[in-house]
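In the UniProt record's numbering, the protein residues as written are 1 to 237.
All C-beta atoms, glycine included, are put in the ideal place defined by N, C-alpha and C.
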């Protein structure tokens, strides 16, 4: 891996892992090789390849993607590079991930399709205005938004994404998924995008109820970890 001086959006030096994936050069900024996601990038691999394959089966080439819980940009980089997404809106509240995410967008030359204007904002159902982030050791992807006092602004998806239309929305918010869905209620009823969502096992029943009430059905599912399952859902015909 090459070592680079940090650009303006990173406060610490980082390394750049460069690899060839599907015949294309891909680069990722690495700040912690022990981090769950960054360890894959350091080896030249994308994180969660099975999940990415599911998304690609349902995402139209040149489509519009919303990455809620973007972390360091793994899924967005993949869809921009290999599915030629024409617009990607990234939402990530964790300040520890944002610098790496911005670097990865720049390193892969996808600035022109990525909207980073919502970084630093968390999504919920709109009931609270602020939160703080609790990050697990060596796992930025396990960071959880804790509503209440804090310096992270919280909005509903209906407010934050009012003028957007997406072909697919990815939601990976570490147990907050039902609140995020409720906050997107008007948007989802109006536009009916497909949704790829990680659901915590404590929320399975609530998720089933939400799908039944909102007219969505499970198209595919994949379980990587024992405490949650990923679902691809789409609007019933």
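Apart from the 5 residues on each side of it in sequence, residue 26 sits with its Cβ closer than 6 angstroms to the Cβ of 19 in its chain, given in chain order. About 7 angstroms separates the beta carbons of residue 90 and residue 101, which is inside the 8 angstroms limit, making them a contact pair.
Within the stretch 24-93, the complete beta strand (DSSP E) runs of at least 3 residues fall at 24-30, 64-68, 87-91. Annotated as distal: residue 184 and residue 208, with beta-carbon spacing of 9 angstroms or more.
Here the stretch 226-233 lies against the stretch 189-199, with 3 or more beta-carbon pairs under 8 angstroms apart. Assignment of beta-bridge partners to residue 18 by DSSP yields 27. Per the coordinates, the alpha-carbon of residue 116 lies some 11 angstroms from the alpha-carbon of residue 67. Burial is judged here by how many other beta carbons sit within 10 angstroms of a residue's own beta carbon; residue 109 has fewer than 16 and is exposed.
Judged by DSSP in its simplified three-state form, residue 117 adopts coil rather than helix or strand.
In the three-state DSSP reduction, residue 190 falls in the helix class (H, G or I).
Closest by C-alpha distance to residue 123, out of 181, 40, 186, 223, is 181.
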